[in-house]
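A.B. asks:
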Amino acid sequence: MTTLSQALQTCDMLLVDGLHAFDFTFDDTGLHIESMDGRALKKWSFTPEQIAAARADGQDWLIAADASEHRLVCMSAFRAPDEDDDETPADDPADR
Numbered sequence: 339m340t341t342l343s344q345a346l347q348t349c350d351m352l353l354v355d356g357l358h359a360f361d362f363t364f365d366d367t368g369l370h371i372e373s374m375d376g377r378a379l380k381k382w383s384f385t386p387e388q389i390a391a392a393r394a395d396g397q398d399w400l401i402a403a404d405a406s407e408h409r410l411v412c413m414s415a416f417r418a419p420d421e422d423d424d425e426t427p428a429d430d431p432a433d434r
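This note's numbering applies: residue 339 is where the sequence shown begins, and numbers increase by one.
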């Protein structure tokens, strides 16, 4: 069974309490997330112990923190290639 710690090491994006978050770090100090909700900056911090105690609920993870519970989904983001190789030059110019 996959743990939340394993899932966090391979994901590019998180959905935390319904908000998309690209700005997050997961290291020995825990999980730290920042996301904009309109004009308000939202921040979450979870300790390694809270990450280890997270419960799987389908593809979601439930993390107990202080007096509340948070829902976290690990996602993979689509990435565009660095080079624009999708257009190949024509061999012969069009006659006009």
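Built from N, CA and C at the ideal position, the CB exists for glycine as well.
Is the CB-CB distance between F360 and M351 below 8 Å?
C.D. replies: Contact: yes.
A.B. asks: Going by DSSP, what residues sit across from D350 in a beta bridge?
C.D. replies: According to DSSP, which records beta bridges pairwise, D350 is partnered with nothing at all.
A.B. asks: Would you kindly work out how many angstroms separate the C-alpha atoms of D404 and T385, rounded to a whole number?
C.D. replies: For D404 and T385, the distance between alpha carbons rounds to 11 Å.
A.B. asks: What's the C-alpha gap between L357 and S373?
C.D. replies: Looking at the two C-alpha atoms, the distance is approximately 7 Å.
A.B. asks: When the Cα atoms are used, what is the spatial distance from A378 to D355?
C.D. replies: If you take the alpha carbons of A378 and D355, they lie about 15 Å apart.
A.B. asks: Using the three-state DSSP reduction, which class does S440 fall into: helix, strand or coil?
C.D. replies: For the chain, the structure presents residues 339 to 434; residue 440 sits outside this window and is missing.
A.B. asks: Nearest to I401 by alpha carbon, out of L369, A415, M413?
C.D. replies: It is L369 whose Cα lies nearest to the Cα of I401.
A.B. asks: Would you mind giving the Cβ-Cβ distance between L353 and M413, rounded to the nearest angstrom? I have them listed as a contact below 8 Å.
C.D. replies: Between M413 and L353 the Cβ distance is about 6 Å, and since that is below 8 Å, they are a contact.
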